[in-house]
């Protein structure tokens, strides 16, 4: 029996950042607000948002979207963060969400990859920064 072809399900943008000194890296509530703004900029529908601050430092924040999610986890002691935005459908743009967060955090180093989720294979491609999707 051959497997059924899976349709394209969504776009997933992931970013690793370094050399970031922004005070938001250790502000869990502030990161949640930033992700809420990113969801709006991306044209996504926010369902819920959550954050947690770690001791002695670091934070995670997440927005659950009708289209999927946006999340961030930080290591302020390293000036580092990891982010991802995944959206299903065509009306929300995960790149715009990630670009918004990066513009606010102003990291020195950024590595971005976009994954095409679903379909017959998992495809990825690097995205240059500053991104051409900046608005």
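Residue numbers (this note's numbering): -14 to 120.
Virtual Cβ for every residue (Gly too), placed ideally from N, Cα, C.
- Across the structure, residue 41 and residue 104 are spaced so that their CA atoms are roughly 42 Å apart.
- For residue 15, the enclosing alpha helix (DSSP H) covers residues 13 to 27.
- In the same chain as residue -3, and ignoring 5 residues on each side of it, the C-beta atoms closer than 6 Å to its own belong to 71, 100, 102, in chain order.
- The three-state secondary structure of residue 77, taken from DSSP, is coil.
- Spatial neighbours of residue 26 in its own chain (CB-CB distance under 6 Å, excluding positions within 5 residues in sequence) are listed in chain order as 81, 85.
- In this structure residue 62 is exposed. Its beta-carbon is surrounded by fewer than 16 other beta-carbon atoms within 10 angstroms.
- Apart from sequence neighbours up to five positions away, the residues of its chain that approach residue 13 with a beta-carbon distance below 8 Å are 36, 37, 38, 44, 45, 46, ordered along the chain.
- Residue pairing by DSSP places residue 72 opposite -4, 53 in a beta bridge.
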